[in-house]
Every structure is written in C-alpha cells, then in structure tokens.
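Just so you know, the protein sequences line up as chains A and U, in that order. Mapping of the first sequence onto numbering that gives the first Met the number 0: residues 0 to 310, in sequence order. Mapping of the second sequence onto numbering that gives the first Met the number 0: residues 0 to 335, in sequence order. Structure first, then comments.
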Amino acid sequence: MKKTDFVENTGVEVLAEDGCKKRPPKDNPWKNSRLIIGTIILGILIIIAFVGQLFWDKTLVNVGSSPLNLPPVGNEYRDQIGNWAHPLGTDNSGRDILALVLVGLPHSLGIGFVSATIGLTIGIIFGFSAGYLGGRVDDVIRLLSDTTMNIPALLILIIIQSLIPNAGFFAMALLLAVFAWQSPTRVLRAQVLSMKHADYVKLAQLSGSPDQEIMFKEMMPNLMPFLISQLTAGTSYSVLILVGVEVLGLGSQKIPSLGITLNNAINASAILRGMWWWWGIPTIILIVVFMCLLLITVGLDEVSNPRLRDH
Amino acid sequence: MNGLTWKYALHRIGIYLLTILISITLIFVISRAVPGDPIENMWRQLEMQKGQIEGVDLIIDHYKELFGLNEPIGIQYLKYLWNTVRFEFGVSFVHYPTSVSSMIGHALPWTLGLGLITTLIIFIFGNGIGAVFGWERTPKFIKTIIPSSLIFTSIPSVLAALFLLSIFSKNLGWFPLAGAYNSNVTQGWNWPYIASVIKYGFLPVLSILLVNIGWTILGMRAMVVTIGGADYVRLAQAKGLKPFYILKKYTVRNALLPQLTSLALSLGGLISGQVLVESIFSYPGMGMLIFRAIREQDFNVIQATSYMFILITATSVLLIDLLYPLIDPRITHGED
Numbered sequence: 000m001k002k003t004d005f006v007e008n009t010g011v012e013v014l015a016e017d018g019c020k021k022r023p024p025k026d027n028p029w030k031n032s033r034l035i036i037g038t039i040i041l042g043i044l045i046i047i048a049f050v051g052q053l054f055w056d057k058t059l060v061n062v063g064s065s066p067l068n069l070p071p072v073g074n075e076y077r078d079q080i081g082n083w084a085h086p087l088g089t090d091n092s093g094r095d096i097l098a099l100v101l102v103g104l105p106h107s108l109g110i111g112f113v114s115a116t117i118g119l120t121i122g123i124i125f126g127f128s129a130g131y132l133g134g135r136v137d138d139v140i141r142l143l144s145d146t147t148m149n150i151p152a153l154l155i156l157i158i159i160q161s162l163i164p165n166a167g168f169f170a171m172a173l174l175l176a177v178f179a180w181q182s183p184t185r186v187l188r189a190q191v192l193s194m195k196h197a198d199y200v201k202l203a204q205l206s207g208s209p210d211q212e213i214m215f216k217e218m219m220p221n222l223m224p225f226l227i228s229q230l231t232a233g234t235s236y237s238v239l240i241l242v243g244v245e246v247l248g249l250g251s252q253k254i255p256s257l258g259i260t261l262n263n264a265i266n267a268s269a270i271l272r273g274m275w276w277w278w279g280i281p282t283i284i285l286i287v288v289f290m291c292l293l294l295i296t297v298g299l300d301e302v303s304n305p306r307l308r309d310h
Numbered sequence: 000m001n002g003l004t005w006k007y008a009l010h011r012i013g014i015y016l017l018t019i020l021i022s023i024t025l026i027f028v029i030s031r032a033v034p035g036d037p038i039e040n041m042w043r044q045l046e047m048q049k050g051q052i053e054g055v056d057l058i059i060d061h062y063k064e065l066f067g068l069n070e071p072i073g074i075q076y077l078k079y080l081w082n083t084v085r086f087e088f089g090v091s092f093v094h095y096p097t098s099v100s101s102m103i104g105h106a107l108p109w110t111l112g113l114g115l116i117t118t119l120i121i122f123i124f125g126n127g128i129g130a131v132f133g134w135e136r137t138p139k140f141i142k143t144i145i146p147s148s149l150i151f152t153s154i155p156s157v158l159a160a161l162f163l164l165s166i167f168s169k170n171l172g173w174f175p176l177a178g179a180y181n182s183n184v185t186q187g188w189n190w191p192y193i194a195s196v197i198k199y200g201f202l203p204v205l206s207i208l209l210v211n212i213g214w215t216i217l218g219m220r221a222m223v224v225t226i227g228g229a230d231y232v233r234l235a236q237a238k239g240l241k242p243f244y245i246l247k248k249y250t251v252r253n254a255l256l257p258q259l260t261s262l263a264l265s266l267g268g269l270i271s272g273q274v275l276v277e278s279i280f281s282y283p284g285m286g287m288l289i290f291r292a293i294r295e296q297d298f299n300v301i302q303a304t305s306y307m308f309i310l311i312t313a314t315s316v317l318l319i320d321l322l323y324p325l326i327d328p329r330i331t332h333g334e335d
C-alpha cells in the first residue's frame, strides 16, 4: 500500500502549517470513521459480488432460467413460497435476482470507476496545465469546461444510447468520461493556483526543473488524498448517470446491470404488483453504494483539508 | 443596472450561446456519425418489429426531404441549426403526424412547473433550515441532527421516488399512482383542480426535494458558521443589535450569494433527476415524454426533448448568473 507515503506527504504539509512538532497517534487523519466505514462496507459488497460469482450460477441472469415471480426466502407471493434455490427471488421472466445483483454490481461500479479514472486523468492534465501554465492555455481550458459543464450528461447520453443501443463496457465508460473531466479540471486548477507560490515550488523552479516535473513530481504527490476523493466522487457521478440511462431503458441489454433490472421492474409495474424484491433489492444496494462513495469522498476530503476535521 | 456590467453580461451570454451551439452540434454529429441513415434505420427497425407499415418509403422520403439528408453535410448542419433554433423538430415517428413541437408544448408546462416549485422550495427552505442549524444560538440537540442527514444527500432522486411511490401510493394509498391531475375534475382555475394538481405533484416534488435539499442545508450552515465570525458581524453584536436581526440582515444576506452559485451548479443534476422522477410517477412532463419515446424508439422526440432539457438547464444557469451581480451589494461599484 502507498498509504504511508500519502500520510507522510500530506503530514509534512499539515505539520508545517500547524507549527506543531509531532502528531499524536490518534490524530492520524486516515483513521477517520467516515473513510473507514465507507471503505469497509463498499469493500465487503465488492468482495461478496466477486466471490459470489464463483459460487453462484451466473447463467441464472438469463431469461427463463428460473421459475417466474418467486419471492425471496420466507416470503409468500401468489401461492409461491420463496426457497433457497433463489434466495432473493426471481422476476417476471425468470431471472434470478441474486445472480443479477452479483453480476450487475461490479459491472455498474466498474464502468463508473473506469470513466472516473479517465475523467480524472484528463482533469489532472487540464487542471495542472491551466493552473500552472496560465495564459492562453488557461483561457482555452476554462472556456472548454465552462461551456460543456452545464450540459446535462444524462440527456446527451440518452441521444447517443438510443442510436448506439449496445455499447460495451469501455465504450460506455468512455462516453461517461466525456462528462467526467470538467469538475476535476476546475477543482484541480484552483488547487494548483493556490499551491503555485509555495516555497518548494519556487525552489524547484529556481533549480531549473522542467514544468512537467514540477507539476507532476513536486505538486501532485501533495494532492494525493484530494485526487482520490475526486476519483470516488467521479465514480459516484458516473454510476449515477449510468443508472439513470439504464432506468430509462437504454444501455447494453447484453450484460445485466442494476439499472436495467430497475427498468424491467418499472416496465412490468413491479411496484403495483407488490413484487418489492425485484425493484427494492437493486435500489437498496445502489443506495448503499452511493452512501459508501460519499462517505469515502468526505473522509478523504478531511484527510486533505485539515480544517474539515472535527475537533 | 447595479453590479451588472456589460462586460460580465456579454461574457455570460457568450458562454451560454456557445453551450447551446456545442449541444446542437454534438447532437448533430452523434446522429450523423451512426452508420447508415438514422431515419431509414429507425423505420426499417420499426417495420421489422411491428410488421408492414403502409407507405414507409414515402415517409422516409418525406423525412429525407424535411431534413435535407440528400444535401452536402455543411448545408445539412446549417439547416439543422436553423430548425433547432426555431424549435422546428419535425413530426413524431410513432405518433405521426403529430409534430414534436406540439408534444413538447403539452409537456413543457408540467415540467417547468414541477422544476420551478421544487427548486424554489429547495432554495428557500434549504437556506432557512441551514441558517438555523448554523446559528450559534440554536440549541445543540438540533445541530447534531445535521451531519447524519448528509448521508441521504447521496441517494439519487429516482431511487427515492421508487420508495415513496411504493410506500405512500401503493401501500398506504395516500397519493395517486400516476399522472398530474384528477381526470374527473374540469381543468381550469377552480379549487378541486388545483388541489388535485398539488396532490398529484406532491410525491414527485418530495422525491427530488428530500435528497437534494441536504446540500443546500449543509452549504448554508457552513456559510453561516464562517460569516458568524466575521468582523462586521462582531461589530453588529457589539452595537447591541438583536441576534435574529443580525442573522437575517448580516449573515444570511451575505451567505445567500455563494448559495446561488451552488444552486446554478447543481441545476443540471436536479433537472436530470426530474427526468427520471417524472418517468417513475408517469408525470406528463418532458421526462415522461423521453421515457415513452425511448420505449417506442421515437428518435425525433428523444432528440428534441433532450435538447429542450439542455436549453432549460443552460437558460436557468444563465438567469442565475445574471441575477447574481444584481443582488450582490459588494460589486455594485464594479463598473469600469
């Protein structure tokens, strides 16, 4: 793990600002409850999904692979009693909800993560260039982000997806990334602007280091926790749009995902028919995922910004 | 025109027009980049799914002529631009020969009404509650509720909508399951109709409100706490002004401006959320229009409605941006 590196890097900065000599062990910013709880719950969910895929029959996501309209274990629905063969029940065309969740969760999270990574990479390049180099570069990058920032991603994606119905994993991630770079670019630009006049940057400039080296070797390590929090926030944003597109009935129908399951449930009036497990289980899992991502983001913000910490 | 300088206004309007231009261009490029002819593809696909369509070649020809698909790409683009700017979106593929503009015309008031009311409630109540929570005189037990409410702000409004619909409409039966008004009541300015509109709109508004108001509350709380320590607030306290008067006139007034900026930034998300919430509640707005059009593969409607949503978002942001300097007392002398 590189965690110790981050602590050292950020720690040095914080100590210098606070002017105290040594941090008491309980003050370790990485040990804040939000970050830990968020990481653990999200980690457990991801592990369950991957381990579950090894033990649970993945072909049960196919239509007609299971009995129809079966409730979860211990529940009764229209003369059918839930059993352990399908612990979370099935939908109206015989898909096993557990299999859908196990396959769908890593898929949705994966697309979100990849698109956030691409977005953040662009954001780092643009944000650093705009903030550090300034001038024309800054003007162009700001104009580009200002003009595209207010275009709701969901609506452009609706158009794209309705023309290219079966975009694969990476195509989807790339499409989402088109709307994921503006926020990191803006935020990083502001951060770089405030760090530009720090002594260590001036020292590096005086010693003749090239611009790229100053930007990415001197300044970027100090922004590490900040960058990771941008990554989790970006993941959350991309998953949100992805789920939105899927709930509306778009997105690849080849790979089952939580959003598509919700769309099927809505189209089949699962709520009115009282099939709560069909829409409720994917919804709860998504809510937990979004909460975890927020907790991690807020926790990481506390690491990178000492003023946010509780006293 | 107090703080609204021409330079600022022109800059903002320039950004606005560019945003619209980029969106239109993007939509144009996307629809042309797809292999084959989108209109022909759409009709052939429809024909495959739903059987023989009478006079399909005629319809395709009509469309090709309407959109000038046989002309050079540059001319096509300019024509597309001109049509879009005039809100001339052609006719619906599925509900032929209804024009897309008239479909949007029916849906637009519902969407605007729902969005406007939700945004107003979020802004007024969110900032009111946030100010109370940030105020130093508020009892401690009230203040401690706030950090825990943060967690709900991460829930997408569409997921909240599913829960609200299930609990309050399906299980408790307190609210209707779908629609925007009671169809048994005569439409117009009479109380039963207005009451039914409120009743039908309650849950859609609530699902957007519940999950989005948290950010406003948190932002206001942070602003009030920060401003509470400012010198001019201390001076006001030293002058012996009443605490609530200070909160109202000194703290909240200054805190509202950054809050307005964050409202402008969050509008895109709010509107996207509304698209989804409308489709969950079958609310007859433009979100529902998109949802139905996607199911029916009515590309013309999808394209036009998405564009309208982008236009609404950009226009609202522009209005907020232009409003900002008008109410900011600190840049009243910014004219140069």
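All residues carry an ideal CB built from backbone N, CA and C; glycine is no exception.
State yes or no: is the beta carbon of V55/U nearer than 8 angstroms to at least one beta carbon in chain A? With a threshold of 8 angstroms between beta carbons, V55/U makes no contact with chain A.
Kindly identify the DSSP beta-bridge partner or partners of S32/A. DSSP lists no partner for S32/A.
What does Q79/A pair with, by DSSP beta-bridge criteria? Y76/A
Report yes if the C-beta distance between M274/A and Y76/A is below 8 angstroms; otherwise report no. yes
For a contact meaning CB atoms closer than 9 angstroms, what does M318/A contact in chain U? This structure cannot speak to residue 318/A, because chain A is shown only from 0 to 310.
What do you get for F225/A, buried or exposed, if any count of 16 or more other CB atoms within 10 angstroms of its CB means buried? buried
Going by DSSP, name the residue or residues bridged to D95/A. T89/A
Going by beta carbon distance, what residues of the same chain come within less than 8 angstroms of A313/U, once the five residues before and after it are set aside? Y15, T18, I19, S22
Any chain U beta carbon closer than 8 angstroms to N8/A: Per-residue confidence for N8/A stands at a pLDDT of 42, beneath the threshold of 50, marking its modelled position as unreliable; the derived number appears in the next sentence. By this cut-off, N8/A is not an interface position.
On the three-state DSSP scale, how would you describe V90/U? Strand at V90/U.
Counting only Cβ-Cβ distances shorter than 8 angstroms, please list the residues of the region 262 to 292 of chain A near chain U, keeping chain order. For the region 262 to 292 of chain A, which is checked against every Cβ of chain U, the residues closer than 8 angstroms are I265, N266, I270, L271, G273, W275, W278, G279, T282, L285, I286, F289, M290, L292.
From V297/A to S261/U, what distance separates their C-alpha atoms? 18 angstroms
Rounded separation between P151/A and A237/U - CA only: Rounded to the nearest angstrom, the two C-alpha atoms are 47 angstroms apart.
Pick helix, strand or coil for K20/A, following the three-state DSSP scheme. With a pLDDT of 46 at K20/A, under the threshold of 50, the modelled position of this residue cannot be trusted; read the value that follows with caution. Note: K20/A maps to coil in three-state DSSP.
Exposed unless 16 or more other CB atoms sit within 10 angstroms - verdict on K20/A: With a pLDDT of only 46 at K20/A, under the threshold of 50, the placement of this residue in the model should not be trusted; the figure read from the coordinates follows. With fewer than 16 Cβ atoms within 10 Å of its Cβ, K20/A is classed as exposed.
For Y95/U, count the other beta carbons within 10 Å of its own beta carbon; 16 or more makes it buried, fewer makes it exposed. Which is it? exposed
Can you have a look at W278/A and say buried or exposed, based on whether 16 or more other CB atoms are within 10 angstroms of its CB? buried
Name the chain A residues that come within less than 8 angstroms of S22/U, Cβ to Cβ? Close partners of S22/U in chain A (Cβ separation under 8 angstroms): I150, I155.
Reduced DSSP secondary structure (H/G/I, E/B, other) of S98/U: strand
Rounded Cβ spacing between L208/U and I72/U (contact assumed at less than 8 angstroms): Not confirmed; about 45 angstroms, so no contact.
For a contact defined as C-beta to C-beta under 8 angstroms, what are the partners of D198/A on chain U? In chain order: nothing, as chain U lies at least about 27 angstroms away.
Enumerate, from N- to C-terminal direction, the unbroken alpha helix (DSSP H) stretches of 4 or more residues contained entirely within the region 269 to 325 of chain U. 285 to 295
When burial is assigned at 16 or more other CB atoms within 10 Å of the CB, is Y180/U buried or exposed? Buried.
Going along chain A in order, which residues have a C-beta closer than 9 angstroms to the C-beta of V274/U? P151, L153, L154, I157, G243, L247
With 8 angstroms as the threshold, decide whether the Cβ of K362/U is near any Cβ in chain A. It is not possible to answer for residue 362/U, since the shown part of chain U is limited to 0 through 335.
Please classify A263/U as buried or exposed, where buried requires at least 16 other C-beta atoms within 10 Å of its C-beta. Residue burial is scored here from C-beta neighbours: A263/U has at least 16 other C-beta atoms within 10 angstroms and is therefore classed as buried.
With DSSP as the reference, label P266/A as helix, strand or coil. The sequence given here has Asn at residue 266/A, not Pro. N266/A: helix per DSSP, three-state reduction.
Helix, strand or coil at N69/U according to DSSP, with G and I counted as helix: coil
Do L271/A and L104/A come within 8 angstroms of each other at the CB atom, strictly closer than that value? no
Cβ of T184/A within 8 angstroms of any chain U Cβ: no
So is L239/A in contact with chain U if we call contact Cβ pairs under 8 angstroms? yes
State buried or exposed for E277/U, treating a residue as buried only when at least 16 other CB atoms are found within 10 Å of its CB. Its Cβ being crowded by 16 or more others within 10 Å, E277/U is buried.
Should L164/U and T282/A be called a contact, given that it needs their Cβ atoms to be closer than 8 angstroms? no
Tell whether a beta-carbon distance below 8 angstroms holds between G122/A and L192/A. no
Give me the Cβ distance between Y192/U and P175/U, rounded to the nearest whole Å; I'm assuming they're in contact under 8 angstroms. Cβ-Cβ separation between Y192/U and P175/U: approximately 14 angstroms, too far for a contact (criterion under 8 angstroms).
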